[in-house]
Amino acid sequence: MAKKKGVGCFSFLAIVLVSVIGGSFIKGFLPVSTFTSFAITLLTLSFIMGRSKNTENNKFSWSYILYSTFFLVSLFGLRHIISNITTSEEVLKLDISENIYRETIFEKGDSIRLLSQNRHWSDNYGNSFKGNFSVREKDYVSSKKEYHNSAQAYQRLPWGDLYQHLATTDTPRLDLILKKLKEIKTTNTLNQFEFADMVVTFIQDIPYSFVFENPCKSADQYEESIRVVLESCPDCCIGNIPHGIQNPVGFMGNLKGDCDTRTVIIYTILSYFGYDVAILNSDYYRHSILGLNIPGKGAYKLHQGKRYYIWETTNKYFTLGTLPNNFKNINHWYIVLTNT
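The numbers in our numbering rise by one with no breaks, and the one at position 284 of the sequence shown is 285.
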């Protein structure tokens, strides 16, 4: 008597096709993604087929489970690669400044794409500096993705915790910029104060841009102080940024930053070079400035017995210890972070 073939002829391809249909049905009843519903259906059918295939011998066939697992892992990997490529292209297309250009270098035998900027600026005392500053494109994309993914964890924490997280996370990825700043320091034999002034003016020289948690809107939808800026510079805005502050690598990759975006990157750089530095915020002024414990003169904030001389970072020509007249009441400022 011929042996009954039964479900042995049921191909794996047929299971996949049935899983696509069944997965859509499951998704209608369960709050899961399309991929998850498909995976649940595929593995369930594979299990059923494994039980049914050798009913006469009362043995379980693992072949369908193995095929399904391999197929899902491959599909997930392909999905992840495509998602990363799409995300990277979208990030780079949306917010890269016209002053940023791409170049390719070889690093440890690999071809590396850079986001670069040619900069020429003067410090507050007439000394000129210039250099090519870069971040790796892959670091720019990965740092922004990681920042978005971790944003929820810092939603209810103090500003200082967020600032320190950004500084700690991004410092290794700023290595090319830190190296270039060190070269300028060495070439120009800058002392402690001169180097700090060079770094601050390096950031002050970058035009101001608004950084919003929500998408940027047309100028006429904002209050007057914002509207005036955006009417003359529609591109001076970047949206969908967690907490309304860019991470340091993001800022160096697109040159769009407001007050605390700037204080955080200067805090990051000067901390790396061993300075005793602080960040001060003001709820009253809705502004953020830098504080530096260094021999100086002018306005300062006393903290744990140390004088942190204040430094405005969003406008050119402001020196250590000076603030704009509309921000100058030191009583409205408080220190949110120090590195000591």
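Each residue gets a CB set at the ideal place from its N, CA and C atoms; glycine is no exception. Computed from a predicted structure; not experimentally measured.
Beta-carbon proximity list for T262, same chain, < 7 angstroms, skipping 5 on both sides
Cβ neighbours of T262 beyond the five flanking positions: V212, I246, Q247, F252.
Just verifying my parser: in three-state terms, what is the DSSP assignment at S289?
Residue state, collapsed to three classes: strand.
With a threshold of 8 angstroms, are at least 3 pairs of Cβ atoms found where one atom belongs to the stretch 163–173 and the other to the stretch 141–152?
Yes, since at least three Cβ pairs between the stretch 163–173 and the stretch 141–152 fall closer than 8 angstroms, the two stretches touch.
Bridge-paired residues (DSSP) for W122:
F130
What residues in its chain sit with their C-beta under 6 angstroms from that of E104, if we drop five residues either side in the sequence?
L115, S117
For Y286, collect the residues of the same chain with a Cβ closer than 7 angstroms to its Cβ; drop the 5 residues on either side in sequence, then sort them by chain order.
F328, H333
What does the alpha-carbon distance come out to for the pair V230 and G258?
14 angstroms
So does the stretch 173–188 actually touch the stretch 125–134, counting three or more Cβ pairs closer than 8 angstroms?
Verdict: yes, contact present.
So, with DSSP's three-state summary, where would you put I350?
Nothing about residue 350 can be read from this structure; the chain reaches only from 2 to 341.
Whose C-alpha, out of V337, I270, L163, is nearest the C-alpha of K302?
V337
Can you give me the start and stop residues for the beta strand (DSSP E) that E108 sits inside?
For E108, the uninterrupted beta strand (DSSP E) segment begins and ends at 102–108.
Taking the straight line between their C-alpha atoms, what separation do you get for E225 and G240?
19 angstroms
If the criterion is Cβ atoms closer than 8 angstroms, does the pair S20 and L46 meet it?
yes
Residue interval of the alpha helix (DSSP H) (run including W160):
Per DSSP, W160 belongs to the alpha helix (DSSP H) from 160–171.
Going by alpha carbons, who is nearest to P243 out of N215, T264, L256?
N215
So, are the CB atoms of I27 and I41 less than 8 angstroms apart?
yes
Could you tell me which of V74, N282, P325, E138 sits nearest to Y102, measuring between CA atoms?
E138
What is the DSSP secondary structure of L191, reduced to helix, strand or coil?
In the structure shown, L191 sits in coil (DSSP, three-state: anything other than H, G, I, E or B).
Among the residues of its own chain, which have a CB less than 6 angstroms from the CB of D124, if the five just before and after it don't count?
D198, M199, T202
Please tell me whether D171 and V250 are closer than 8 angstroms, where the distance is taken between their beta carbons.
yes
What residues in its chain sit with their C-beta under 7 angstroms from that of I106, if we drop five residues either side in the sequence?
I113, L115
Starting from the Cα of L271, find the closest Cα among L256, L293, R228 and give me that residue.
L293
Could you pull out every residue in the same chain whose Cβ sits closer than 6 angstroms to the Cβ of A220, ignoring the five residues on either side in sequence?
R228, L231, E232.
Excluding the 5 residues preceding and the 5 following T320 in the sequence, name in chain order all residues of the same chain whose CB lies nearer than 6 angstroms to its CB.
Cβ contact annotation for T320 (same chain, cutoff 6 angstroms, sequence separation greater than five): N125, in chain order.
What is the rounded straight-line gap between the Cα of T339 and the Cα of G275?
12 angstroms
Could you have a look at R114 and say whether DSSP puts it in helix, strand or coil?
Under the three-state reduction of DSSP, R114 is assigned to strand.
Rounded straight-line distance, which links the Cα of S289 to that of N282:
If you take the alpha carbons of N282 and S289, they lie about 4 angstroms apart.
Continuous alpha helix (DSSP H) stretch holding T264: start and end
260–273
Closest to T341 by CA distance: which of L324, I66, I280 is it?
Out of L324, I66, I280, the CA that lies nearest to the CA of T341 is found in I280.
What's the gap between the Cα of T314 and the Cα of Q222?
27 angstroms
Sort S64, F71, P173, R120 by Cα distance to I49 and report the nearest one.
Comparing Cα-Cα distances from I49 to each of S64, F71, P173, R120, the minimum goes to S64.
Considering only residues of the same chain and omitting the five flanking positions on each side of D140, which have a CB-CB separation below 7 angstroms?
R174, V250
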